[in-house]
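Q: Have a look at the structure that comes next, please.
In my numbering, the protein residues as written are 19 to 259.
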């Protein structure tokens with residue numbers, strides 16, 4: 019039976035206090051591990067740009083950034099209900115850490131219809147839903163049974179905090195401005211050297227037949243496609259409350 023991944027308040031506190039350490043547990047008989055993708059995110063951003071991220075005027079509330087959750091064997095995860103409402107435990111992880119990535123995980127069969135599929139322009143950072151729209155949570159996923167998505171993807175998805183997009187736009191010559199809905203950034207930079215420091219890359223490269231899922235809040239995170247090798251197949255997406 020599909021179920022969500024539930025972390026206790028004590029486990030969340032451990033991740034926040036010791037972000038370099040990995041948590042481990044079991045779900046439906048399958049082992050899982052969780053680790054922080056970018057510890058001390060604000061410090062990394064400030065070091066990279068030489069400017070205090072909290073002084074940009076763009077809200078920034080992340081202590082650490084991104085969670086990577088990996089299962090030893092493929093599992094089904096029930097991450098939202100029939101009304102499209104995100105599981106509260108996952109919502110808390112998204113609030114605290116930003117993008118949450120599940121590897122070797124798939125949606126339950128009842129939620130696995132193709133739905134909407136997207137491929138965005140290369141390195142175009144944007145949000146999918148404005149705060150007024152209600153369903154501000156994006157859930158991206160790869161269906162291991164799909165004849166196209168079952169293969170590793172040639173393009174990645176990149177995630178970063180709103181404040182990073184703002185600082186990078188200034189670095190690339192933009193005048194000070196309000197946060198924009200879309201930015202084209204990092205075209206002259208080595209993405210690999212930035213991953214795990216100021217942005218997080220999801221390469222969608224688990225071996226053939228593995229599912230992958232990513233969840234984020236569009237109010238705090240921007241995302242973009244990155245044509246690592248080529249354009250790649252379209253990602254499935256759900257918009258949740």
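We treat Cβ as the ideally placed atom computed from N, Cα and C, and that holds for glycine.
Quantities reported herein were computed from a predicted structural model and do not represent experimental measurements.
1) On the DSSP bridge assignment, give the partners of residue 56 in chain order.
2) If you scan the segment 175–204 from start to end, which runs of the beta strand (DSSP E) of 3 or more residues do you find wholly inside it?
3) Quick check: the Cα distance between residue 77 and residue 62, rounded to an integer number of angstroms?
4) Could I get the ranges of all uninterrupted alpha helix (DSSP H) runs contained in the segment 93–140, with 4 residues as the minimum, in chain order?
5) Output needed for residue 236: all residues of its chain with C-beta closer than 7 Å, excluding positions within five of it in sequence on either side, in chain order.
6) Using only the alpha-carbon positions, how far apart do residue 244 and residue 118 sit?
7) Distance check for residue 87 and residue 45, CA to CA, integer angstroms please.
8) If you pair each beta-carbon of the segment 215–235 with each one of the segment 107–117, do three or more pairs fall below 8 Å?
9) Count the other CB atoms, across all protein chains shown, that sit within 10 Å of the CB of residue 230; report buried if there are 16 or more and exposed otherwise.
10) DSSP on residue 150, reduced to helix/strand/coil?
11) What are the boundary residues of the beta strand (DSSP E) that residue 224 is part of?
12) In this structure, how does DSSP classify residue 49 when only helix, strand and coil are distinguished?
13) Are the C-beta of residue 256 and some C-beta of chain B separated by less than 8 Å?
A: So, from the listed chains and residues:
1) Here residue 56 refers to the residue found at position 38 when the chain shown is read from its first residue. DSSP lists 83 as partners of residue 56.
2) 200–202
3) Against the chain shown, residue 77 aligns to sequence position 59. Against the chain shown, residue 62 aligns to sequence position 44. About 16 Å.
4) Entirely contained in the segment 93–140, the alpha helix (DSSP H) runs reaching 4 residues are, in chain order, 106–115.
5) Here residue 236 is taken as the residue at index 218 of the chain shown, counted from 1. Within the same chain, residue 236 has close Cβ partners 145, 146, 147, 154, 156.
6) Residue 244 sits at position 226 when you count from the first residue of the chain shown. Residue 118 sits at position 100 when you count from the first residue of the chain shown. Between residue 244 and residue 118, the C-alpha separation is close to 18 Å.
7) Along the chain shown, read from residue 1 onward, the residue named residue 45 stands at position 27. Along the chain shown, read from residue 1 onward, the residue named residue 87 stands at position 69. Approximately 12 Å between the Cα atoms of the pair.
8) yes
9) If you number the chain shown from 1, residue 230 lands on position 212. Answer is buried; the Cβ neighbour count reaches 16.
10) Residue numbering aside, residue 150 sits at position 132 when the chain shown is read from its first letter. In the structure shown, residue 150 sits in a helix (DSSP, three-state: H, G or I).
11) Position 206 of the chain shown, counted from the start, is the residue given in the question as residue 224. Run containing residue 224: none; DSSP gives neither H nor E here.
12) Along the chain shown, one-based indexing puts residue 49 at 31. Three-state DSSP puts residue 49 in a strand.
13) You won't find chain B in this structure, because it holds only one protein chain.
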